[in-house]
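A quick write-up on the structure given underneath.
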Amino acid sequence: MPGKTQLNGVCRQNITPKRLYSGGVRSCASTCIIGLIGFICGVLLVNWCKVGVLSKCGVGGMCCREIRLGVSAAESLEDSHEALDDTAEKDKDNFIFVGIMTAKKFIDNRGLASHRTWASNINGKVMFFSSEGSTSGYGVPVVALNGVDDHYPPQKKSFMMLKYMYDHFLDKYEWFMRADDDVFIKGDRLDEFLRSINSSQALFIGQAGTGKADELGKLALQAEENFCMGGPGMIFSRETLRRMAPHISFCLQHLYTTHEDVEIGRCVRRFAGIQCTWSYEMQQILYQNYKEEKGSFKTTLKNKEVQKAVSLHPVKDPDYQYRIYNYLRSVKIMTEHQREVVIHRDIGRMTELIQDGRLPSEPGLSQPPTLKKFIPLIGKEVIPWDFVSRSIYSQTNNNPRRGIDESVKGALDELVNQVIMKVNKNAHLRGRTIDFKEIQYGYYRLDPINGPDYVLDLLLTYRKYRGRKMSMNVRRHAYLQQTFLPVEMREEPGFIEPNYLGVGAKVKSWFQIFSGNSETPTVISKRSEYIDIVMPLMGRFKIFQRFMNNFEAVVMKPRENARLVLVLYKSKDEPDAHRLSLDLVQFYQEKYGKEYIQVVQTDNEFSRGPGLQLGAEHCSQDALVFFVDVDIIFSPASLERVRLNTKKGSQVYFPIVFSQYDPEPVCFPGSPHCECLSSECVLKAEDISDAAGYWRQFGFGIASMYLTDYYNAGGFDLSIRGWGKEDVDLYTKFIENYYSIFRAVDPGMTHIFHTIKCSESLESAQMIMCVNSKAQSYASTSLLANQIYSNPEILRRLEIYSANHGS
């Protein structure tokens with residue numbers, strides 16, 4: 045590969061507008077001293093002609109500007125920056141053209157995923173090339189190549205794509221890249237890589253190949269000849285395309301193999317006089333994933349080679365385009381956050397030096413890394429450490445020894461990756477490298493203020509490849525501390541300040557809304573969208589009475605801008621419930637008006653999905669609908685969150701509801717979690733403690749959305765009958781249609797316990813979900829464990845069972 049750029053034999057370093065910004069306007073060519081003639085003639089006037097080299101990796105330009113007397117250096121520097129800004133903006137759009145070869149069936153899946161992810165980061169233009177008549181229904185920029193079909197091998201398609209680049213964009217871009225639709229390209233790395241190369245030369249860059257072992261001698265290649273492999277991408281300089289493209293028709297008429305990348309390499313070699321770069325480094329730059337059989341980087345995304353690569357191939361699954369894109373964005377965010385932390389620490393140290401150490405540094409990001417940031421005042425505040433080896437050993441979990449959670453695995457992988465990258469940052473200058481092998485053991489804890497802390501015993505491999513070569517295993521302890529990102533609060537339009545002003549009051553009011561405390565709200569919502577609360581019901585009259593008491597307190601009494609759409613089924617088991625429910629509805633309608641409750645009666649067999657859709661059909665087309673069950677009670681703050689977190693056309697809200705345990709094992713005489721009337725005890729609705737219930741993380745039945753979004757996503761699957769699954773199906777449809785899903789615990793929304801009956805007619809998937817939900821709702825793990833350990837008979841039977849079964 046070519047090294048540093050040469051400019052007219054004078055400047056031997058690669059200077060880009062980016063470097064000129066950081067270092068000011070630098071002169072790279074010899075300074076024009078016109079004043080020499082004036083000196084000889086006796087006139088002491090010197091005009092300096094500054095040479096501004098606006099390099100584009102080898103294409104230099106000069107701009108002379110007269111610096112007149114009276115014009116300040118600051119004004120001159122500002123003019124220079126304006127000129128550079130114009131060039132940088134132009135450069136942003138005209139650096140590289142990326143052509144993606146695809147087919148009709150892949151345009152709106154792989155092509156769409158690429159268009160919505162990495163393509164936006166390319167410093168130039170990205171277009172997708174397909175067969176004649178190809179189009180996109182989602183705005184993917186597609187070029188339908190005349191006379192080209194989607195048959196394999198795609199030799200004609202590949203050559204005609206290069207011809208199209210040559211005919212339309214040769215003079216507009218410095219570099220041209222041909223890639224497949226299952227590649228992921230890192231735009232920033234590609235830009236950085238190509239700016240280190242002289243684009244004015246004829247270059248053909250890629251991962252060099254000579255064919256598979258069984259193809260040797262069958263590709264019409266000489267011993268010293270090669271080709272650029274098509275999968276990870278081929279990169280052409282403008283000069284290479286200029287020489288080769290006019291002869292594409294000849295190359296198509298003289299094909300020796302069925303491999304389009306081999307034939308492109310042959311055409312470039314014949315008419316451009318060059319071949320693919322012989323460089324081992326290209327295997328890491330344009331990366332071909334041989335470690336995973338089906339590709340998509342499902343298990344190798346955090347590998348060192350993948351981190352360094354410019355392009356990743358193959359990514360067959362479009363969903364993993366989004367996964368890789370989001371992961372790289374998160375890495376960038378973490379990197380920027382680390383820079384922020386370092387700057388804050390530098391500021392803190394400088395402040396202490398300036399003030400001669402009289403004042404301590406401010407708490408937070410300015411504090412140096414230490415495991416003693418949090419100092420407990422009492423024993424209960426001590427944060428325990430969890431031990432990590434093959435399993436996690438914890439004193440705070442009901443299961444003291446358990447498998448490593450996926451979240452912990454991901455955090456450890458990310459930590460180790462950052463450590464190794466930091467250690468190897470300048471490793472090539474020292475002629476050595478350090479590779480990670482495994483974590484021997486470690487400890488971790490979560491400081492809720494400062495962030496997680498880790499102490500890891502790492503097994504590493506030290507390799508020295510300069511001087512006396514050696515390789516050996518070493519163990520090192522790593523003390524690591526992560527910091528939380530700063531707290532951010534976003535204020536949606538539609539909220540006004542209270543009569544009294546003040547930042548503290550405003551913050552307090554926001555915490556009241558988000559914590560469910562709505563007794564004395566200090567923020568008034570202007571967002572008063574009408575909410576249609578849709579609920580199907582069959583029988584269960586007493587439960588419906590409880591729901592209506594809650595509905596009256598939250599909606600009807602305060603004249604809230606909402607109503608109930610009740611879909612009423614007839615129950616064979618409770619024949620009087622239908623009449624009693626109608627009487628109760630009539631009572632509230634006479635008391636508060638008919639606008640608060642609408643009843644939709646049906647004789648169909650009860651099924652939740654069809655029932656909710658039937659109710660939604662009685663709402664306006666642009667209605668904000670809130671799907672609930674009769675077992676749910678909610679607060680006024682819950683309705684506020686429905687309005688805040690549901691956004692038309694972009695976001696739906698699936699709150700995480702607190703679900704109560706069965707009162708029978710939980711409630712006992714004097715229990716603080718229960719209230720008893722005569723012989724019946726129930727859990728307090730406002731109690732959201734660990735002993736009273738759990739957050740239903742995997743429950744998706746309670747949701748709010750705009751009705752237009754509900755229909756756009758496809759709505760409920762009306763063929764699903766019986767308990768469950770219809771909500772999971774709808775949740776999945778929103779994801780597949782690229783809606784944002786907002787999930788958060790709602791402390792004002794509680795699912796009151798009721799007995800779950802799993803019908804034998806349920807499908808296997810529904811039965812598993814039903815049984816699991818029933819088991820989870822029985823009692824807390826702590827309570828069940830105490831009952832088992834306090835009952836010797838259960839332990840004795842367990843010992844007998846273990847002895848008989850050898851475990």
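Quick note on the numbering used here: the sequence shown kicks off at 45 and runs consecutively. Ideal Cβ positions, reconstructed from N, Cα and C, are used throughout, including at glycine.
{"Query": "Residue nearest to Ser803 in terms of C-alpha spacing, selected from Leu299, Met813, Ser240", "Result": "Met813"}
{"Query": "For Arg474 and Tyr509, the rounded distance between their alpha carbons", "Result": "9 angstroms"}
{"Query": "Three-state secondary structure assigned by DSSP to Cys852", "Result": "Only positions 45 to 851 of the chain appear in this structure, which leaves residue 852 out of reach."}
{"Query": "Asp620 - DSSP class collapsed to helix/strand/coil", "Result": "helix"}
{"Query": "Contact check, His795 vs Ile676, beta carbons under 8 angstroms", "Result": "yes"}
{"Query": "Segment contact, 8 angstroms Cβ cut-off, at least three pairs: the region 179 to 190 with the region 146 to 160", "Result": "yes"}
{"Query": "Inter-stretch contact (C-beta, 8 angstroms, three-pair minimum) for the region 482 to 498 and the region 519 to 534", "Result": "yes"}
{"Query": "Three-way DSSP call (helix, strand, coil) for Gly655 in this model", "Result": "helix"}
{"Query": "Exposure of Gly143, with buried meaning 16 or more beta-carbon neighbours within 10 Å", "Result": "buried"}
{"Query": "Given Trp322 as reference, the closest of Glu268, Leu356, Gly274, Glu336 once Cα atoms are compared", "Result": "Glu268"}
{"Query": "Sequence-distant residues of the same chain with beta carbon closer than 6 angstroms to Lys692, five excluded per side", "Result": "Tyr750"}
{"Query": "Gly792, enclosing beta strand (DSSP E) - first and last residue", "Result": "789 to 795"}
{"Query": "Chain-order list of residues whose beta-carbon lies under 7 angstroms from that of Trp739 (same chain, five-residue window excluded)", "Result": "Ile700, Phe702, Val789"}
{"Query": "Assigned exposure category for Asp390 - 16 Cβ within 10 Å defines buried", "Result": "exposed"}
{"Query": "Helix, strand or coil at Met533 [DSSP, three-state]", "Result": "coil"}
{"Query": "Inter-residue spacing [alpha-carbon to alpha-carbon] between Ser562 and Ser679", "Result": "For Ser562, the pLDDT reaches just 44, beneath the cut-off of 50, and the residue's location in the model is therefore unreliable, leaving the point undetermined."}
{"Query": "Assigned exposure category for Tyr369 - 16 Cβ within 10 Å defines buried", "Result": "buried"}
{"Query": "Cα-Cα separation, Ala823 to Asp753", "Result": "37 angstroms"}
{"Query": "Straight-line Cα distance separating Gln382 from Leu503", "Result": "25 angstroms"}
{"Query": "Nonlocal neighbours in the same chain, by C-beta distance under 7 angstroms from Gly792, ignoring five residues either side", "Result": "Gly560, Phe678, Ser679, Ala681, Ser682"}
{"Query": "CA-to-CA distance, Gln332 to Met288, given in whole angstroms", "Result": "26 angstroms"}
{"Query": "From Phe213, Met209, Ser174, residue whose alpha carbon lies closest to that of Lys201", "Result": "Ser174"}
{"Query": "Residue range of the unbroken alpha helix (DSSP H) whose run includes Thr505", "Result": "No alpha helix (DSSP H) contains Thr505, which is instead part of the beta strand (DSSP E) from 495 to 508."}
{"Query": "Pair within 8 angstroms by beta-carbon distance, Ala257 and Asp194", "Result": "no"}
{"Query": "Tyr754 (DSSP reduced to helix, strand or coil)", "Result": "helix"}
{"Query": "DSSP bridge partner residues for Cys718 (one or two, in chain order)", "Result": "Leu727"}
{"Query": "Beta carbon of Asp871 nearer than 8 angstroms to that of Ser821", "Result": "Any question about residue 871 goes unanswered here, given that the chain covers just 45 to 851."}
{"Query": "Coarse secondary structure for Gly486, derived from DSSP in three states", "Result": "strand"}
{"Query": "Asp232 beta carbon less than 8 angstroms from that of Asn165", "Result": "yes"}
{"Query": "Sheet register partners of Gln704 (DSSP bridge)", "Result": "Gly737"}
{"Query": "Simplified DSSP assignment, three categories, for Pro362", "Result": "helix"}
{"Query": "Cβ distance (whole Å) where Tyr574 is taken to contact Leu688 below 8 angstroms", "Result": "In fact, because the Cβ distance is near 15 angstroms, the residues do not count as touching under 8 angstroms."}
{"Query": "Rounded separation between Gln633 and Lys360 - CA only", "Result": "58 angstroms"}
{"Query": "Coil, strand or helix - Pro680 by DSSP", "Result": "helix"}
{"Query": "Beta-ladder partner(s) of Gln633, from DSSP", "Result": "None, per the DSSP bridge assignment."}
{"Query": "Euclidean distance between Cα positions of Pro358 and Asn441", "Result": "41 angstroms"}
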